[in-house]
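Asker: Mind looking over this structure? Questions follow.
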Amino acid sequence: MSRPEPRARPACPILLAAVLGLGGCATSSIDLAPARSDGAWQPGTDENGEILAAPPSLLAGKGRAYTLPANRTLAQLPPAAALDPAHDYDLPELIDLAQSSNPRAFIAWDAARNAALAVGIGKSAYLPYLAATAMGGYIGGHGSGSASFSGESSSSSSRSTLHAGVAALSLQWLLFDFGGRDARVQAAEQAAVAANVALTGVHQRIIHEVSVAYYQYDAARARTGNFRRTLADAGVLLAAAQARYKRGVGTVIETAQAEQNVAQARLALVSSQGVESDAYLGLVTALGISPLSKPRIAALPDRPLPPDLDVSVDVYVAGALARRPDVLGAYAAMKAEQARARAAESAFLPKIFLSASTSYNASRSSIDAIPAVGQQSATVNLDNRRFGSSVLLGVTVPIYDGGLRSAVLMQARNDAASAEHRLARTRDEAARQIVAGRNALRTSLASHEAAAALMKAARTTYDAALAAYRNGVGTLTEATQAQDRILLAENACTDSYRGALSAIAGLALATGEVDAPSAASP
1 MSRPEPRARP ACPILLAAVL GLGGCATSSI DLAPARSDGA WQPGTDENGE
51 ILAAPPSLLA GKGRAYTLPA NRTLAQLPPA AALDPAHDYD LPELIDLAQS
101 SNPRAFIAWD AARNAALAVG IGKSAYLPYL AATAMGGYIG GHGSGSASFS
151 GESSSSSSRS TLHAGVAALS LQWLLFDFGG RDARVQAAEQ AAVAANVALT
201 GVHQRIIHEV SVAYYQYDAA RARTGNFRRT LADAGVLLAA AQARYKRGVG
251 TVIETAQAEQ NVAQARLALV SSQGVESDAY LGLVTALGIS PLSKPRIAAL
301 PDRPLPPDLD VSVDVYVAGA LARRPDVLGA YAAMKAEQAR ARAAESAFLP
351 KIFLSASTSY NASRSSIDAI PAVGQQSATV NLDNRRFGSS VLLGVTVPIY
401 DGGLRSAVLM QARNDAASAE HRLARTRDEA ARQIVAGRNA LRTSLASHEA
451 AAALMKAART TYDAALAAYR NGVGTLTEAT QAQDRILLAE NACTDSYRGA
501 LSAIAGLALA TGEVDAPSAA SP
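Numbering (UniProt numbering), first residue to last: 1 to 522.
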């Protein structure tokens, strides 16, 4: 009789324990979050200070517990731009520097390149899909047994192996889909157009921002010069007051007032220098270079402003709507959404495809059997090789999908309608910006003309008041007031001139006619 085989242990308890253990793996990640909400998170770090995704610890102390550990990899100052320390950069050079250094230009360029690659991805649907597959495997087994009957026993053993390999080459080709691929390629092409237009728009905004920041910095620098002249004028009044006091015709109060006037002028100069530093930082920021860079900025050339605009605003609006980047981009986006809607409509139509494949199958198997003693062992070896190929031409017709295609089509049509509304809103916003920019320019030109006349009159008044005070027929108060008025007039003239240039840049941006200024233009 054969020996009884041992009983198999039940697998249910082991399987249940494994399932319960695996079930706790997802919720165990809660340990990565802070244990409490009333304290700061103190993460674990490696040797470089980089934060690790590990269970945190909550410090009991209050001091440095609210300061995150320093990552030494990030503790590096941004490199300064390669600038000539002995060269004064004018506006065209600053714009060239910004266009080659501003990260926004690189981001927009990468987006345009990705959009162009998406067109190629869409066109790849016209080509066949070819794939190669190879598999190999091995299967082996062996067994033995023994039996006894009436005092006699016998035993046998067997062993079998199987080696197999399969290689296949398959081809799939969509021949016709009723315009679905065409629509998707058209959508990708319009998206690429929109991305390219967006890159141009980014460069236009960079030119505008650098120009405005340059004008603001030059205005702040000019105001600082005005305050320096005011401080010098205050010193002249102080010298006149001291001279009158020495001659016995002045008073101590006049001298004290003159000294106070000098102190106020010095304080105003310090404040103006702070504003100038902030404007300089704003210009460096607009350039997109490291804030540690210190480019030398050339002074703005004194050139005449253009005459008042006599062109109808309708002419500006009509021309701008045809070339503004945001309008052109919205138009391309609308055409892309319309193409996507056509692609969704093609999902309801049949598709004709071609499928072909060829394969090679090879296998080898062997079986060895060793029967009872005294008999020769049996061995069987089998080899098999097979080639196969097929070519199929088929049609697939969508019948029912639970309303999925209808919902996708409705979404695509809604997106197309929204794109049309966005285009209309963009056109209206463009017209508003053009009207506002034209009004700002006309106001700036008129303000500069009035400020120039005011500065001329204020300078005449100050010279007369100073001469009268020196000759004893005027008062210090009148001379001080004239000094304040000339400072206000100079600052107004400075601000109105740079403001007019900024308004010109703003109108150019609004009309989509932004060009980098040359060395011959402000």
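Ideal Cβ positions, reconstructed from N, Cα and C, are used throughout, including at glycine. Because the structure is a prediction, the values reported are computed rather than measured.
Hey, how far is the Cα of Ala318 from the Cα of Leu509?
Answerer: Within the sequence shown, residue 318 is the residue found at index 318, counting from 1. Within the sequence shown, residue 509 is the residue found at index 509, counting from 1. Each residue's alpha carbon lies about 15 Å from the other.
Asker: According to DSSP, is Leu169 helix, strand or coil?
Answerer: Indexing the sequence shown from 1 puts residue 169 at position 169. If DSSP states are grouped into helix, strand and coil, Leu169 belongs with the strands.
Asker: Taking the beta carbon of Ile207 as the centre, do at least 16 other beta carbons fall within 10 Å, making it buried, or is it exposed?
Answerer: Within the sequence shown, numbered from 1, the residue matching residue 207 stands at position 207. Looking at its Cβ environment, which holds 16 or more other Cβ atoms inside 10 Å, Ile207 is buried.
Asker: For a test of the three-state rule: what should DSSP assign to Arg229, helix, strand or coil?
Answerer: Stepping through the sequence shown from its first residue, residue 229 is reached at position 229. Three-state DSSP puts Arg229 in a helix.
Asker: Nearest-angstrom Cα distance between Asp484 and Arg324?
Answerer: Within the sequence shown, numbered from 1, the residue matching residue 484 stands at position 484. Within the sequence shown, numbered from 1, the residue matching residue 324 stands at position 324. Each residue's alpha carbon lies about 45 Å from the other.
Asker: Is the closest heavy atom of the ligand ADP to the C-beta of Arg485 under 8 Å?
Answerer: For the ligand ADP, the structure offers nothing, since it holds no ligand at all.
Asker: Relative to the C-alpha of Val435, which residue among Glu513, Tyr462, Phe353, Asp314 is closest?
Answerer: Position 435 of the sequence shown holds residue 435. Closest option to Val435, Cα to Cα, is Asp314.
Asker: Apart from the five residues just before and just after Glu478, which ones in its own chain have a Cβ nearer than 6 Å to its Cβ?
Answerer: Here residue 478 refers to the residue found at position 478 of the sequence shown. Only Ala465 meet the Cβ criterion.
Asker: Quick one: give me the first and last residue of the alpha helix (DSSP H) that Val473 is part of.
Answerer: One-based indexing of the sequence shown puts residue 473 at position 473. From DSSP, Val473 is part of no alpha helix (DSSP H); its letter is neither H nor E.
Asker: Please list the segments of the alpha helix (DSSP H) lying wholly inside the region 87-152, counting only runs of 4 or more residues, in order along the chain.
Answerer: The region 87-152 contains these whole alpha helix (DSSP H) runs: 91-101, 103-123.
Asker: Give the single residue among Ala187, Gly39, Ser124 whose Cα lies nearest to the Cα of Ala341.
Answerer: On the sequence shown, position 341 is the one that residue 341 refers to. Residue Ala187 is the option with its Cα nearest to Ala341.
Asker: Any idea what DSSP makes of Thr73, helix, strand or coil?
Answerer: Counted from its first residue, the sequence shown places residue 73 at position 73. If DSSP states are grouped into helix, strand and coil, Thr73 belongs with coil.
Asker: Leaving out five residues on either side along the sequence, give the residues of the same chain with a beta carbon under 7 Å from the beta carbon of His87.
Answerer: Here residue 87 is taken as the residue at index 87 of the sequence shown, counted from 1. The answer, listed in chain order, is Arg296.
Asker: Relative to the C-alpha of Leu487, which candidate in Gly137, Tyr462, Arg498, Ser357 has its C-alpha closest?
Answerer: Position 487 of the sequence shown, counted from the first residue, corresponds to residue 487. If we check each option's Cα against that of Leu487, Tyr462 comes out closest.
Asker: Spell out the partners DSSP gives Phe353 in its beta bridges.
Answerer: Against the sequence shown, residue 353 aligns to sequence position 353. In the DSSP output, where bridge partners are listed per residue, Phe353 has Leu174, Gly394.
Asker: Check whether the Cβ atoms of Asn414 and Gly165 lie closer than 9 Å to each other.
Answerer: Taking the first residue of the sequence shown as position 1, residue 414 is located at position 414. Taking the first residue of the sequence shown as position 1, residue 165 is located at position 165. Going by C-beta atoms, Asn414 is not nearer than 9 Å to Gly165.
Asker: Give me, in chain order, the residues of the same chain whose beta-carbon lies closer than 6 Å to that of Gly282; leave out the 5 immediate sequence neighbours on both sides.
Answerer: Reading the sequence shown from its first residue, position 282 is the one you call residue 282. Answer for Gly282: Ala213, listed in chain order.
Asker: Measure the beta-carbon distance from Val270 to Gly472 and round it to whole angstroms, keeping in mind my assumption that it falls under 8 Å.
Answerer: By one-based count along the sequence shown, residue 270 stands at place 270. By one-based count along the sequence shown, residue 472 stands at place 472. Rounded to the nearest angstrom, the Cβ distance from Val270 to Gly472 is 34 Å, too far for a contact under 8 Å.
Asker: Apply the 10 Å Cβ neighbour rule to Gly374 and answer buried if 16 or more other Cβ atoms are within range, or exposed otherwise.
Answerer: As a working note, residue 374 is residue 374 in the sequence shown. Unreliable placement is indicated for Gly374, whose pLDDT of 47 sits below 50; no coordinate value is reported for it.
Asker: Output the boundary residues of the alpha helix (DSSP H) element that contains Ala286.
Answerer: One-based indexing of the sequence shown puts residue 286 at position 286. Counting along the chain, the alpha helix (DSSP H) containing Ala286 begins and ends at 252-287.
Asker: Would you call Phe227 buried or exposed, if buried means 16 or more other Cβ atoms sit within 10 Å of its Cβ?
Answerer: Reading the sequence shown from its first residue, position 227 is the one you call residue 227. Buried is the call here.
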